[in-house]
Structures are given as C-alpha cells and as structure tokens.
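Visitor:
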Amino acid sequence: MALSTCSFAKARGQAFKIATRSKTSRAMTTVRAAALSQDELKKQAAWKAVEYVKSDSVIGLGTGSTAAFAVDRIGQLLKDGVLKNIIAVPTSIRTYEQALSLGIPLATLDEQPLLDVAIDGADEVDPNLDVVKGRGGALLREKMVEMASKKFVCIVDESKLVKGLGGSKLAMPVEVVQFCWKYNLERLQNLPEVKGCRAELRLENGKPYVTDNSNYIVDLYFEEPIKDAHAAAKAILALEGVVDHGLFMDMVDVCIIAGSTGVEVQERKK
Ligand code: 5RP
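One gets the working numbering by counting positions in the sequence shown from 1 and adding 15 to each.
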C-alpha cells in the first residue's frame, strides 16, 4: 500500500480500509450517447456525478476542466433550489474562485474535516480504478480533500483510460518543496521504483510553476507503465522534500467514464 494513502487513512476511516481489502469489481450502468466532443463528454460525466450530491451534505469540489462542469452544475442546482444546504470544500484557489462566483457556500477542511462526497477529474485511470491526478497542479489539496471524503467520484472522458499508470506518456506530477528542487529531481529520477522515467521541473512562462501551496512540481514521464505503482508511490513519498505525488491509489470509489458509446459507471466494491 502506498505510504501516501496510509498517511491519510485515518481521515478516510473505515470506508478506506474496506476499499483496500476488497477486490475491485465493476458494476456497470450504461447510458447511450451520440458522437460528442471531448468537452461534451466531460460535461456528461460531470452531470452524472452530481447525481451523487444530496441536499444537506458536505462535498469536495475538484479542479480541472472536467470538475469545472460539476461545479457549474452544482451552482445551478443550488440556484434553482433543487439542492439545498450544501457546504463545499474546494481543492484549489481556481475552484474556490469558480464556486464563490456561483454562490456555493464554502469551507475548508479545518472547518469541515469529514465530507460526504468529492467529485474530481483525473489524468489517467487504470483498470483497478487507480488514477494519476495533478496535471492541473492541484494534487496535494485534491488528495487531502478526497481522502477526507466518504465517497470519491472520479469523472473522466474515455481518453483518460490506460492499461497501467504512467502509460499515457504524459506527466505524473510530484509536488516538491522549492528548497534544493534539483537535488530532489535527481533523486526522483534515480529511484529504482520509477526506473527509466524522465524528470522535468514544471515551467510556466519560462519560470518554475508554483502550486497553491508555494511548492514546485517535478513531472515524471514514463515510456512504459509503472511496474508497481504502489511501490512507486511509497518510494516517492519517502524522499524528504517531496510533499506528495499524483498517484491516487485505492482512493476512487466510483468512476464515471463518458465515451462514444455512452456513460459508464464503475464502482469499487466494498
Ligand atoms: C488537477 C487535476 C485534474 O483533475 C486533472 O488534471 C484532469 O483535468 P481535466 O479534467 O482538465 O482533464 O488533477 O490537478
């Protein structure tokens, strides 16, 4: 089991322990869809996920273009009076600003340490419903909020499906402290658990990208899927100066995948 998930297991409580013990199985529901753009697919997944949000609940709001559709939808349902008495914990400053503009009541984990449901996108989803997150840079707050939620509903379009994590050849982010980031970049690249990866400091307009938590991001690129993502997660987090990483292992309870043949709901069986 990844050290990251261990360290958050307390907040997630019994539900998490059950989830890690049980074998992932797939209860599938399919709703037909016509040929749609990627944005339309994201919106379909997001709207389906919002069905998990009930009145009188505390919810986590994810970050990214898919999650933004869910935030918009929740704002609209609140405005229409369909949803009532919702308190939301955003996973980034970006999402905080979007939710604020929609009039969604907001809190932090300090005030609301236990959430009913969190909805968020992902960059990669493997067949076990383990995911890579954080290409949008919000991985730390996302992991904190999603581990504090009784249910984590992940929303993606089918382009995010991979056979193994790291398999998309796009970035797997690691948030590191700014202090001696080069030292940690080298150490990350040399970890046997991520052997063969290329590590790069994330840049924005030619300068290091700075997260909402004032840290940097080192992106790891893989030629082949990571052999043992649990072992990689543990090894990465064990490096001093690493704050967290984008491997979200054993965390997703429900994954909603919108594709050309419809919207599929996959559940991790408890
Ligand atoms: C941000 C994230 C996003 O959820 C992830 O990058 C997916 O983004 P998008 O929905 O825009 O494809 O982890 O840190």
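Backbone N, C-alpha and C fix where the C-beta goes; we use that ideal spot for every residue, glycine too.
Hey, could you find the ends of the beta strand (DSSP E) M187 is sitting in?
Guide: Where M187 is concerned, the enclosing beta strand (DSSP E) stretches over 187-191.
Visitor: Among M264, V147, M162, V177, which has the Cα closest to the Cα of Q127?
Guide: The shortest Cα separation from Q127 among M264, V147, M162, V177 belongs to M162.
Visitor: DSSP state of R41, grouped into three classes?
Guide: Because R41 carries a pLDDT of 48, less than 50, the predicted location of this residue cannot be relied on, and no value is offered for it.
Visitor: Report yes or no: do the stretch 107-127 and the stretch 189-197 share at least 3 C-beta pairs separated by less than 8 Å?
Guide: Flag = no, the stretch 107-127 and the stretch 189-197 do not touch.
Visitor: Grab the span of the beta strand (DSSP E) containing Y231 for me, first residue to last.
Guide: Taken as a continuous stretch (DSSP letters only), the beta strand (DSSP E) holding Y231 covers 231-236.
Visitor: Below 8 Å on the Cβ atoms is my guess for L93 versus I101; work out the distance and round it to an integer in Å.
Guide: About 6 Å; that satisfies the 8 Å criterion.
Visitor: Which term fits R88, buried or exposed, when burial requires 16 or more other beta carbons within 10 angstroms of its beta carbon?
Guide: R88 should be labelled buried.
Visitor: Whose CA, out of L235, R283, D243, E279, lies closest to the CA of G179?
Guide: The residue with the shortest Cα to Cα distance from G179 is D243.
Visitor: Tell me which residues share the same chain as L200 and place their Cβ nearer than 7 Å to its Cβ, disregarding the 5 neighbours each side in the sequence.
Guide: So the list reads A214, L216, V233, once near-sequence residues are dropped.
Visitor: If you measure from each CB to the nearest heavy atom of the ligand 5RP and keep those under 6 Å, what residues do you get, in chain order?
Guide: Per the Cβ criterion, the list is G77, T78, G79, S80, T81, A82, D135, G136, A137, D138, K148, G149, R150, G151, G152, A153, L154, E157.
Visitor: Could you check how far apart the C-beta atoms of E282 and I272 are, in whole angstroms? I think they sit under 8 Å.
Guide: With 8 Å as the limit, E282 and I272 do not qualify as a contact, their Cβ atoms being about 12 Å apart.
Visitor: Measuring alpha carbon to alpha carbon, tell me which residue in L176, V104, L154, P207 is nearest G261.
Guide: With distances taken between Cα atoms, G261 lies closest to L154.
Visitor: Does DSSP put S22 in a helix, a strand or coil?
Guide: Low local confidence applies: a pLDDT of 34 at S22 is under 50, so the model's placement there is unreliable, with the coordinate-based value given in what follows. If DSSP states are grouped into helix, strand and coil, S22 belongs with the helices.
Visitor: Measuring alpha carbon to alpha carbon, tell me which residue in A82, I74, P105 is nearest L98.
Guide: The shortest C-alpha separation from L98 is found at I74.
Visitor: So the beta strand (DSSP E) E279 belongs to, where does it begin and stop?
Guide: Per DSSP, E279 belongs to the beta strand (DSSP E) from 277-282.
Visitor: Which class does V146 belong to by DSSP, given the choice of helix, strand or coil?
Guide: DSSP places V146 in strand when its eight states are reduced to three.
Visitor: Measuring CB to CB, does G90 end up less than 8 Å from G136?
Guide: Cβ atoms of G90 and G136: not closer than 8 Å.
Visitor: Helix, strand or coil for G118, going by three-state DSSP, please let me know.
Guide: G118 falls in the coil class under three-state DSSP.
Visitor: In whole angstroms, give me the CA-to-CA distance for E239 and P142.
Guide: Cα-Cα distance, rounded: 16 Å.
Visitor: Tell me the rounded alpha-carbon separation between S52 and V168.
Guide: Their Cα atoms are separated by approximately 22 Å.
Visitor: How is D87 classed by DSSP in three states: helix, strand or coil?
Guide: Helix at D87.
Visitor: On a CA-only basis, which of T81, E157, L130 is nearest V68? Give me that one, please.
Guide: Of the listed residues, the one whose Cα sits closest to V68 is L130.
Visitor: According to DSSP, what are the bridge partners of K222?
Guide: DSSP output for K222 lists E219 as bridge partner(s).
Visitor: Helix, strand or coil for L254, going by three-state DSSP, please let me know.
Guide: Three-state result, L254: coil.
Visitor: Could you tell me the distance, in whole angstroms, from the CA atom of V192 to the CA atom of T276?
Guide: Computed Cα separation, rounded: 43 Å.
Visitor: Give me the residue from Q59, S183, E190, K158 with the minimum Cα distance to A85.
Guide: Considering only alpha carbons, the answer is Q59.
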